[in-house]
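Below is one structure, written out as structure tokens, with a few remarks after it.
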Amino acid sequence: MELAELKEIRRDLHRIPELGFQEWKTQEYLLRFIHDIATDRVLIQTWKTGILVKVSGLNPKKKIGYRADIDGLPIEELTGSAFASTHEGKMHACGHDFHMTIALGALKYVIEHPIQDDVVFVFQPAEEGPGGAFPMMQSEEFQRWKPDCIFALHVAPEYSVGTIASKPGLLFANTSELYIDFIGKGGHAAFPHLTKDMAVAAGSFISQVQHVVSRSMDPQDSAVVTIGKMSSGHVQNAIAETARLEGTIRTLNPEAMTRIKQKLEKMAQGFEISHDCEIKLDYGSNYYQVYNDSDYVQLFKAVVEQSEFTYLGAKKAMTGEDFGFMLKEIPGFMFWLGVDSPYGLHNAKLSPKEEALGVGVKIVSQMLKTISSKEY
Numbered sequence: 001m002e003l004a005e006l007k008e009i010r011r012d013l014h015r016i017p018e019l020g021f022q023e024w025k026t027q028e029y030l031l032r033f034i035h036d037i038a039t040d041r042v043l044i045q046t047w048k049t050g051i052l053v054k055v056s057g058l059n060p061k062k063k064i065g066y067r068a069d070i071d072g073l074p075i076e077e078l079t080g081s082a083f084a085s086t087h088e089g090k091m092h093a094c095g096h097d098f099h100m101t102i103a104l105g106a107l108k109y110v111i112e113h114p115i116q117d118d119v120v121f122v123f124q125p126a127e128e129g130p131g132g133a134f135p136m137m138q139s140e141e142f143q144r145w146k147p148d149c150i151f152a153l154h155v156a157p158e159y160s161v162g163t164i165a166s167k168p169g170l171l172f173a174n175t176s177e178l179y180i181d182f183i184g185k186g187g188h189a190a191f192p193h194l195t196k197d198m199a200v201a202a203g204s205f206i207s208q209v210q211h212v213v214s215r216s217m218d219p220q221d222s223a224v225v226t227i228g229k230m231s232s233g234h235v236q237n238a239i240a241e242t243a244r245l246e247g248t249i250r251t252l253n254p255e256a257m258t259r260i261k262q263k264l265e266k267m268a269q270g271f272e273i274s275h276d277c278e279i280k281l282d283y284g285s286n287y288y289q290v291y292n293d294s295d296y297v298q299l300f301k302a303v304v305e306q307s308e309f310t311y312l313g314a315k316k317a318m319t320g321e322d323f324g325f326m327l328k329e330i331p332g333f334m335f336w337l338g339v340d341s342p343y344g345l346h347n348a349k350l351s352p353k354e355e356a357l358g359v360g361v362k363i364v365s366q367m368l369k370t371i372s373s374k375e376y
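Letter 352 of the sequence shown, counting from 1, is numbered 352 in the UniProt record's numbering, and no numbers are missing.
Rendered as structure tokens:
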């Protein structure tokens, strides 16, 4: 597929970002493209707003999976682009428009250049939340075509176009959303003794959270607990009856995640007594670590090094990705694709260089061919 066509697809998708499990326009666009290029070797299934496409191989012995996430983020775009989002308050600020376009390019390649094995393209909804990988894997549709191996990419603004990075073992952290609701008793600011001030309780809780990692975790267990949002009260002269904290937990091993949650729950119990209030914890979406299979990463490294592109050894990161649930059950890997943007992921000004689309299609297509030629 020519770069001009890839750019056109990417721009079409960039205009219509949709949130998790609401990607109906996106699904419609993808299905229209897939049906246009499909042959009798192509089978299509839908699951909620997601899509699975199986391309039959010439002499299949295994199913090779490739996954692309399809949802956008609740971010108002500030790129000033001529093809900016037409959906107010939503943007493809994590590169999923790139991910889908590259998957479509690789899909067209294996249709036009058949390989020996079956390939299953997984267009997965709700990666940004509430998490689509795990429920999609449990579905009859996915289980019917469950791959024997699977891989995926993620755009990397910090790497130049033509640079590709990965590593064996742990690549992304275990992550969990964190929501904490404080329920007390409001009242007039002049009579604090008649109230249970939840702004004070929530503020004290934030301070104590900072000690969870530094004083409750093994220093060799990397972990982060961040409170990114606090809301409380309605007017300046009334004591807040409720407060809400929103944040995230990130750890480099699953056991550390469990320990942090247990510590937060004990803290909440103590605060309920000391502030005479009720506290509710909700962990929202939880994503399992992305752990790359060493053999597949070594094979991928060889593929990149035999191309005109550059392979770099990546560092493990505290970012989260629900692709980790797929890698927990299916051997495979994820890699970073350089897109050279001064603005990072989830930034309202993220502007990946579109030349990376061709790089992605070429390296994914070559990896599919290479895996098919190997005995696993």
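All C-beta atoms, glycine included, are put in the ideal place defined by N, C-alpha and C.
Start-to-end residues for the alpha helix (DSSP H) that takes in residue i
{"i": "Asp295", "result": "Ser294 to Glu305"}
{"i": "Ala356", "result": "Glu355 to Ser373"}
{"i": "Gly324", "result": "Phe323 to Glu329"}
{"i": "Ile34", "result": "Trp24 to Ile37"}
{"i": "Ser216", "result": "Met198 to Ser216"}
{"i": "Glu141", "result": "Glu140 to Arg144"}
Where the beta strand (DSSP E) containing residue i begins and where it ends
{"i": "Tyr311", "result": "Thr310 to Gly313"}
{"i": "Gly65", "result": "Lys63 to Asp69"}
Pick from the options that is closest to residue i, judged by C-alpha positions
{"i": "Ile227", "options": "Lys301, Gly360, Gln210 and Val235", "result": "Gln210"}
{"i": "Gly89", "options": "Arg15, Arg67 and Phe21", "result": "Arg15"}
{"i": "Ala156", "options": "Glu354, Glu375, Leu30 and Gly65", "result": "Glu354"}
{"i": "Asp71", "options": "Pro219, Val122, Val53 and Ala126", "result": "Ala126"}
{"i": "Phe83", "options": "Val120, Asp12, Glu28 and Gly187", "result": "Asp12"}
{"i": "Thr195", "options": "Met1, Ser341 and His275", "result": "His275"}
{"i": "Asp118", "options": "Asn59, Ile279, Glu375 and Val361", "result": "Asn59"}
{"i": "Gly247", "options": "Lys328, Val224 and Ala201", "result": "Val224"}
{"i": "Ile330", "options": "Gly358, Val200 and Tyr291", "result": "Tyr291"}
{"i": "Ser176", "options": "Gly129, Met267, Gly187 and Gly344", "result": "Gly129"}
{"i": "Lys369", "options": "Asn347, Ala356, Ala348 and Val303", "result": "Val303"}
{"i": "Thr46", "options": "Leu30, Ala190 and Ser56", "result": "Leu30"}
{"i": "Ala201", "options": "Ala190, Glu18, Ile183 and Arg10", "result": "Ile183"}
{"i": "Pro135", "options": "Lys48, Lys7 and Leu73", "result": "Lys48"}
Proximity of residue i and residue j at Cβ, strictly below 9 Å
{"i": "Met137", "j": "Met326", "result": "yes"}
{"i": "Pro147", "j": "Ile34", "result": "no"}
{"i": "Cys94", "j": "Asp293", "result": "no"}
{"i": "Asn174", "j": "Gln289", "result": "yes"}
{"i": "Ile249", "j": "Leu178", "result": "yes"}
{"i": "Ala133", "j": "Gln143", "result": "no"}
{"i": "Gly338", "j": "Ser160", "result": "yes"}
{"i": "Ser341", "j": "Pro352", "result": "yes"}
{"i": "Gly50", "j": "Val120", "result": "no"}
{"i": "Ile180", "j": "Leu107", "result": "no"}
{"i": "Ile260", "j": "Gln269", "result": "no"}
{"i": "Gly360", "j": "Phe98", "result": "yes"}
{"i": "Lys362", "j": "Ser307", "result": "yes"}
{"i": "Ala287", "j": "Glu265", "result": "The sequence shown places Tyr at residue 287, rather than the Ala named in the question. Cβ distance not < 9 Å, so Tyr287 and Glu265 don't count as in contact."}
{"i": "His87", "j": "Asp69", "result": "no"}
{"i": "Tyr311", "j": "Ile371", "result": "no"}
{"i": "Trp24", "j": "Ile164", "result": "no"}
{"i": "Met1", "j": "Leu153", "result": "no"}
Strand pairing of residue i, partner residues [DSSP]
{"i": "Leu43", "result": "Lys54"}
{"i": "Glu278", "result": "Ile183"}
{"i": "Arg244", "result": "Asp181 and Ser231"}
{"i": "Tyr253", "result": "For clarity, residue 253 is Asn in the given sequence; the question names Tyr instead. BP columns for Asn253 are empty, so no partner."}
{"i": "His14", "result": "Answer is none; His14 lacks a bridge partner."}
{"i": "Val155", "result": "Leu337"}
{"i": "Cys94", "result": "Note: Cys94 sits in no beta bridge, so no partner."}
{"i": "Gln124", "result": "Asp69"}
{"i": "Leu170", "result": "Tyr291"}
{"i": "Ser176", "result": "Ile249 and Asn286"}
{"i": "Thr163", "result": "Thr310"}
Residue i: CB within 8 Å of a non-hydrogen atom of the ligand ADP
{"i": "Phe83", "result": "The ligand ADP is absent from the structure shown, which contains no ligand whatsoever."}
With a threshold of 8 Å, are at least 3 pairs of Cβ atoms found where one atom belongs to the segment 237-254 and the other to the segment 94-111? no
Take every Cβ of the segment 111-122, pair it with every Cβ of the segment 32-46, and state whether three or more of those distances are shorter than 8 Å. yes
Does the structure place the segment 165-173 close enough to the segment 236-247 that three or more beta carbon pairs sit under 8 Å? no
Could you tell me whether the segment 228-238 touches the segment 307-315, where touching means 3 or more Cβ pairs closer than 8 Å? no
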